[in-house]
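Q: One line per chain: the protein sequences are R, A, D and F, in this order.
Our numbering puts the first residue of the first sequence at 521, with every later residue one more than the last.
Our numbering puts the first residue of the second sequence at 521, with every later residue one more than the last.
Our numbering puts the first residue of the third sequence at 521, with every later residue one more than the last.
Our numbering puts the first residue of the fourth sequence at 521, with every later residue one more than the last.
Where a beta carbon is used, it is the ideal one built from N, C-alpha and C, also for glycine.
There are 4 protein chains.
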Amino acid sequence: MITMDAIKPGDTVLVYIDDSRKFVVKVTPGKILGTDKGFIKHEELVGRLYGEAVATSQGVKALLLRPLRHDYSSTVRRITQIIYPKDASLMIYYSGVKPGSIVGEAGVGSGVLTLSLAEIVGESGLVYGFDVNEKALENAKEHLEIHGLSSRVRLVKHDVREPLGVAGLDAFFLDMPDPWNALESVYQAVKPAGTVLAYVPTVNQVEKTVLAMERHGGFGDVHAYETLLREYSVEEGATRPHTLMVGHTGFIVFARKIMVS
Amino acid sequence: MITMDAIKPGDTVLVYIDDSRKFVVKVTPGKILGTDKGFIKHEELVGRLYGEAVATSQGVKALLLRPLRHDYSSTVRRITQIIYPKDASLMIYYSGVKPGSIVGEAGVGSGVLTLSLAEIVGESGLVYGFDVNEKALENAKEHLEIHGLSSRVRLVKHDVREPLGVAGLDAFFLDMPDPWNALESVYQAVKPAGTVLAYVPTVNQVEKTVLAMERHGGFGDVHAYETLLREYSVEEGATRPHTLMVGHTGFIVFARKIMVS
Amino acid sequence: MITMDAIKPGDTVLVYIDDSRKFVVKVTPGKILGTDKGFIKHEELVGRLYGEAVATSQGVKALLLRPLRHDYSSTVRRITQIIYPKDASLMIYYSGVKPGSIVGEAGVGSGVLTLSLAEIVGESGLVYGFDVNEKALENAKEHLEIHGLSSRVRLVKHDVREPLGVAGLDAFFLDMPDPWNALESVYQAVKPAGTVLAYVPTVNQVEKTVLAMERHGGFGDVHAYETLLREYSVEEGATRPHTLMVGHTGFIVFARKIMVS
Amino acid sequence: MITMDAIKPGDTVLVYIDDSRKFVVKVTPGKILGTDKGFIKHEELVGRLYGEAVATSQGVKALLLRPLRHDYSSTVRRITQIIYPKDASLMIYYSGVKPGSIVGEAGVGSGVLTLSLAEIVGESGLVYGFDVNEKALENAKEHLEIHGLSSRVRLVKHDVREPLGVAGLDAFFLDMPDPWNALESVYQAVKPAGTVLAYVPTVNQVEKTVLAMERHGGFGDVHAYETLLREYSVEEGATRPHTLMVGHTGFIVFARKIMVS
Numbered sequence: 521m522i523t524m525d526a527i528k529p530g531d532t533v534l535v536y537i538d539d540s541r542k543f544v545v546k547v548t549p550g551k552i553l554g555t556d557k558g559f560i561k562h563e564e565l566v567g568r569l570y571g572e573a574v575a576t577s578q579g580v581k582a583l584l585l586r587p588l589r590h591d592y593s594s595t596v597r598r599i600t601q602i603i604y605p606k607d608a609s610l611m612i613y614y615s616g617v618k619p620g621s622i623v624g625e626a627g628v629g630s631g632v633l634t635l636s637l638a639e640i641v642g643e644s645g646l647v648y649g650f651d652v653n654e655k656a657l658e659n660a661k662e663h664l665e666i667h668g669l670s671s672r673v674r675l676v677k678h679d680v681r682e683p684l685g686v687a688g689l690d691a692f693f694l695d696m697p698d699p700w701n702a703l704e705s706v707y708q709a710v711k712p713a714g715t716v717l718a719y720v721p722t723v724n725q726v727e728k729t730v731l732a733m734e735r736h737g738g739f740g741d742v743h744a745y746e747t748l749l750r751e752y753s754v755e756e757g758a759t760r761p762h763t764l765m766v767g768h769t770g771f772i773v774f775a776r777k778i779m780v781s
Numbered sequence: 521m522i523t524m525d526a527i528k529p530g531d532t533v534l535v536y537i538d539d540s541r542k543f544v545v546k547v548t549p550g551k552i553l554g555t556d557k558g559f560i561k562h563e564e565l566v567g568r569l570y571g572e573a574v575a576t577s578q579g580v581k582a583l584l585l586r587p588l589r590h591d592y593s594s595t596v597r598r599i600t601q602i603i604y605p606k607d608a609s610l611m612i613y614y615s616g617v618k619p620g621s622i623v624g625e626a627g628v629g630s631g632v633l634t635l636s637l638a639e640i641v642g643e644s645g646l647v648y649g650f651d652v653n654e655k656a657l658e659n660a661k662e663h664l665e666i667h668g669l670s671s672r673v674r675l676v677k678h679d680v681r682e683p684l685g686v687a688g689l690d691a692f693f694l695d696m697p698d699p700w701n702a703l704e705s706v707y708q709a710v711k712p713a714g715t716v717l718a719y720v721p722t723v724n725q726v727e728k729t730v731l732a733m734e735r736h737g738g739f740g741d742v743h744a745y746e747t748l749l750r751e752y753s754v755e756e757g758a759t760r761p762h763t764l765m766v767g768h769t770g771f772i773v774f775a776r777k778i779m780v781s
Numbered sequence: 521m522i523t524m525d526a527i528k529p530g531d532t533v534l535v536y537i538d539d540s541r542k543f544v545v546k547v548t549p550g551k552i553l554g555t556d557k558g559f560i561k562h563e564e565l566v567g568r569l570y571g572e573a574v575a576t577s578q579g580v581k582a583l584l585l586r587p588l589r590h591d592y593s594s595t596v597r598r599i600t601q602i603i604y605p606k607d608a609s610l611m612i613y614y615s616g617v618k619p620g621s622i623v624g625e626a627g628v629g630s631g632v633l634t635l636s637l638a639e640i641v642g643e644s645g646l647v648y649g650f651d652v653n654e655k656a657l658e659n660a661k662e663h664l665e666i667h668g669l670s671s672r673v674r675l676v677k678h679d680v681r682e683p684l685g686v687a688g689l690d691a692f693f694l695d696m697p698d699p700w701n702a703l704e705s706v707y708q709a710v711k712p713a714g715t716v717l718a719y720v721p722t723v724n725q726v727e728k729t730v731l732a733m734e735r736h737g738g739f740g741d742v743h744a745y746e747t748l749l750r751e752y753s754v755e756e757g758a759t760r761p762h763t764l765m766v767g768h769t770g771f772i773v774f775a776r777k778i779m780v781s
Numbered sequence: 521m522i523t524m525d526a527i528k529p530g531d532t533v534l535v536y537i538d539d540s541r542k543f544v545v546k547v548t549p550g551k552i553l554g555t556d557k558g559f560i561k562h563e564e565l566v567g568r569l570y571g572e573a574v575a576t577s578q579g580v581k582a583l584l585l586r587p588l589r590h591d592y593s594s595t596v597r598r599i600t601q602i603i604y605p606k607d608a609s610l611m612i613y614y615s616g617v618k619p620g621s622i623v624g625e626a627g628v629g630s631g632v633l634t635l636s637l638a639e640i641v642g643e644s645g646l647v648y649g650f651d652v653n654e655k656a657l658e659n660a661k662e663h664l665e666i667h668g669l670s671s672r673v674r675l676v677k678h679d680v681r682e683p684l685g686v687a688g689l690d691a692f693f694l695d696m697p698d699p700w701n702a703l704e705s706v707y708q709a710v711k712p713a714g715t716v717l718a719y720v721p722t723v724n725q726v727e728k729t730v731l732a733m734e735r736h737g738g739f740g741d742v743h744a745y746e747t748l749l750r751e752y753s754v755e756e757g758a759t760r761p762h763t764l765m766v767g768h769t770g771f772i773v774f775a776r777k778i779m780v781s
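1. With DSSP as the reference, label I527 (chain R) as helix, strand or coil.
2. Excluding the five sequence neighbours on either side, which residues of its own chain have a C-beta within less than 8 Å of the C-beta of D525 (chain R), listed in chain order?
3. Quick one: which unbroken alpha helix (DSSP H) runs of 4-plus residues sit fully inside the region 693-717 of chain D? Chain order, please.
4. Since S753 (chain A) is in the beta strand (DSSP E), which residue starts that stretch and which ends it?
5. Quick check on D539 (chain D): does DSSP put it in helix, strand or coil?
6. Suppose you measure from the CA of V632 (chain D) to the CA of K677 (chain F); what does that come to, to the nearest Å?
7. Does the beta carbon of L764 (chain F) sit closer than 8 Å to a beta carbon anywhere in chain A?
8. With C-beta atoms as the reference, is F739 (chain D) less than 8 Å away from K777 (chain D)?
9. Have a look at A:G737, A:M696, A:L748 and flag the residue whose alpha-carbon is nearest the alpha-carbon of E704 (chain A).
10. Could you tell me how far apart the beta carbons of T759 (chain D) and E727 (chain F) are, in whole angstroms, since I believe they sit closer than 8 Å?
11. What number of angstroms, rounded off, separates the C-alpha of R735 (chain F) from the C-alpha of W700 (chain F)?
12. Rounded to whole angstroms, how far is the Cβ of T595 (chain F) from the Cβ of P587 (chain F), which I believe are closer than 8 Å?
13. Listing by chain order, which chain F residues have their CB less than 8 Å from the CB of D723 (chain A)?
14. So, is the C-beta of H832 (chain A) closer than 8 Å to a C-beta in chain F?
15. So D607 (chain D) and Y719 (chain D) are supposed to be a Cβ contact under 8 Å. How far apart are they, rounded?
16. Kindly say whether T532 (chain D), judged by its beta-carbon, lies nearer than 8 Å to any beta-carbon of chain F.
17. Report buried or exposed for I640 (chain D), applying the criterion of at least 16 other Cβ atoms within 10 angstroms of its Cβ.
18. Buried or exposed: F650 (chain A), going by 16 or more other Cβ atoms within 10 Å of its Cβ?
19. Residues in the region 736-760 of chain A with C-beta within 7 Å of chain F's C-beta atoms, listed in sequence order?
20. Mind pulling the alpha helix (DSSP H) runs of 4 or more residues that sit fully within the region 587-617 of chain A?
21. Nearest-angstrom Cα distance between T769 (chain A) and L749 (chain A)?
22. Kindly indicate which three-state DSSP category M779 (chain R) falls into: helix, strand or coil?
23. If you run the structure through DSSP and keep just helix, strand and coil, what is R681 (chain R)?
24. Under 8 Å by Cβ, that's how I've got S593 (chain A) and Y604 (chain A) pegged, so tell me the actual separation to the nearest angstrom.
25. Report the option in A:A732, A:G530, A:V628 whose CA atom is closest to the CA atom of E756 (chain R).
26. List, in chain order, every chain A residue whose beta-carbon is nearer than 8 Å to that of F590 (chain R).
27. Should V617 (chain A) and D690 (chain A) be called a contact, given that it needs their Cβ atoms to be closer than 8 Å?
28. Do A638 (chain A) and L664 (chain A) have their C-beta atoms within less than 8 Å of each other?
29. When the Cα of Y745 (chain R) is compared with those of R:G645, R:L610, R:V673, which residue comes out closest?
30. Tell me which same chain residues have a C-beta within less than 7 Å of the C-beta of V780 (chain D), skipping the five on either side of it?
31. According to the neighbour-count rule (16 or more other Cβ atoms, all chains shown, within 10 Å of its Cβ), is S630 (chain F) buried or exposed?
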């Protein structure tokens, strides 16, 4: 049976005009979404079905969609460099995080990964989000509330280079300049055979992180990866990759906690 | 509090010797895991902690780990070409699948994606796995049982080019040679603004799929992607990408169901 | 012994401010080079050594260099899409073109490849440049004169889908939308075991070109390639690929003429 | 007019069976080319046209072609890791080397780049090949003789970290583990605004080379690149990149000599 999926006040909707005009809206009658292609009154959204199109005040077509994880990166406020969907997807997949997982993350940054993790751990899971930057934590809190995910996340102002006071985590995500300085904290926080994923922009940081893991002794199955995403322009008889692409975002280091003998 | 994570009979363990020697074992006292680096008796695993190492009969070190999604691709029986972790991760991330999602998949093939989807939808979710090949369904069933996930998956012998008899699905994954012939079935099965992901090996299939989606009219935000994964060899002062890499697996087409007006 | 390499009137100089400010100047006392970083009077260049720096009227440093082949792509007038250095280099290398070679090219387009070929065939070689567009031929002529290479090139207004009236060429370069329509002309023009290189932007054109070569029967060792160039940003302890890259230019088809038996 | 291009004793011929069976033969009646697909007597080649096919003793078809630069990498004896065609082509293109150029190279290694450079500088040019390894020099000498290029190359046993005793070179190619130690020698050897190209396998060497160039002060327009070559498998309606590719060979550092002020 199909639920008719009508949009109600309080719903979080992705208003999609085109790839560079995507807006996440918490439907609030009385409010207006302004864009350079015209405005849309929130009350016009109420009662519409997901998947339907509305017209802006300039007559431009806008699709009403559900915000997905990979939409977050184009809709959150960017406090710091974000983790791209091509990287977040691989990190989450390799981490083994699933419904019920208890996960750590540092730093929270713009909160894109936090949102995705909160979604995947489900109601029975938990995400600890550590950051030294109060502003980042406030921003993440706001985004988590818009998406109705705040009950699954504990945001903590803390420097992960210091002991974390948590243990038994299934996985830990490090998005910080010096992950090698957090290895002992993370080792203590993660359960045996749990996963650790670090995201760093330079090759030098990859080298330092991997070597520090080897010296530490408590990390096995260590791998360093880079992902590239190519988009294709599809036309009948004229299909080809896009001319411009993102050539680099960050490198991913994967490891599993092993018992030091 | 930390659970000590001791391995018990019936547990599913990843025995990891190196990247080309990874074995998923359902711990069954009396059984033996044979490898070209020596054997391990299952009873030796019982009582060990995850993250610990044991020695094979030849004295080679083997780590006892939890099987993760990206380990599946090296441990399942390959009936058909599998979807690689670099691709499965992006597809799942973009699909928006999460705990509680109801998802369709065709074909099931070697079952790698089925396992991952079953894990992510959690106990409150459901995966419909369609395939015309009975052998593929049996193989998937076996793997799902090993991983304790069979209650979340309904395996159905059915050709998805025919109506599916389900509706309101959150997402649909197509891993078949001619996804364009399944578009109407999938359109009927997916809820408004739900996602559709197709995986095809050739550029011609990308073109046909995208053009068929455009002609159908019920698919929006259509994109075609390709992912590349590069692994790095890390040594102090000598870090570089691996010499050989997988240069191509398949292309990914993403779309969302939109209401035909 | 070192020639002192002082710049004289009539010399062709590359004035290099930065990667997006490169100017090819035929030194003509009385003339002025204007840039958004200030101007430089041509007479200031006379007597300077190559490799020296001068200052613009705004005090910005500009290096005096020799224009190289890969500078052409940023300094010629772009009549049509140019062949990028990453592609031109591979095409020329694979073509086997060398001093004394007699080479065909169609179309001439913006003339970047023409300039490079003229340079490599040397004074004893010859380039036939075919184009149906008179403007392209005039533009190429002008650039060849600036670089002192016009005596090595015969520019011909001609449609290469018609017989070319030349024979025994060492190599032929096709930069046109439908190379498959020029295969018989090219086959007649190239010497036995001579090389043919086609440059096309879409995968569909690659497929059509290769299949047409196979059907024709007179082409062997046929290969289709794509090149990617990644630039690195180098800083002490912070080395990484550039964030943005050119993700696609064109595909290259290589073949050798074989005798039809 | 077409020369009939008949093969004579003493000619250098590429006998091409398939991509992994390419043989360079100096035609010597009385000799036999042995392959795992059967043998061919050299006298059977005499009088044949380039582009023709002959049959091996096992009836396998072999094309008679001219050895091209990119064939060298599959036909020379590999003393050291070779520079791949995808890299050699870019390096030569960016170097500006052309007929008449005087060029330096260190080390000579397996001699693949030496052969290409010798071909491009022509009869009026000259290549200095430096290597500390006598065996490499002998091997290069042999290959240059087979290809009739030895008169254009001076092979010198010398460590390029010491002054070279040459000056005014148009370009210098460094294929050695520590190019940073050769920068002053190279600076003295190259003419003002001449080019320098280094080829190194690791990111750390890229960083050290570029930083040493910046500290030296005599190098401008410094860039670090990496090239990737993807080959496509073309079939009607089923065109796609090859499954396996070479994911990494080496990085290229480009610079021009500038006058130290």
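A: Considering the structure as presented:
1. coil
2. L569, Y570, G571
3. 703-709
4. 739-753
5. coil
6. 39 Å
7. yes
8. yes
9. A:G737
10. 5 Å
11. 10 Å
12. 7 Å
13. Note that residue 723 (chain A) corresponds to Val in the displayed sequence, not to Asp. Ordered by position in chain F, the residues that pass the 8 Å Cβ test against V723 (chain A) are T759, R760.
14. Only positions 521 to 781 of chain A appear in this structure, which leaves residue 832 (chain A) out of reach.
15. 6 Å
16. no
17. buried
18. buried
19. R750, G757, A758, T759, R760
20. 589-595, 605-615
21. 10 Å
22. coil
23. coil
24. 6 Å
25. A:A732
26. This sequence places His at residue 590 (chain R); Phe is not what is there. Within 8 Å Cβ-Cβ: Y613, Y614.
27. yes
28. yes
29. R:L610
30. G737, G738
31. buried
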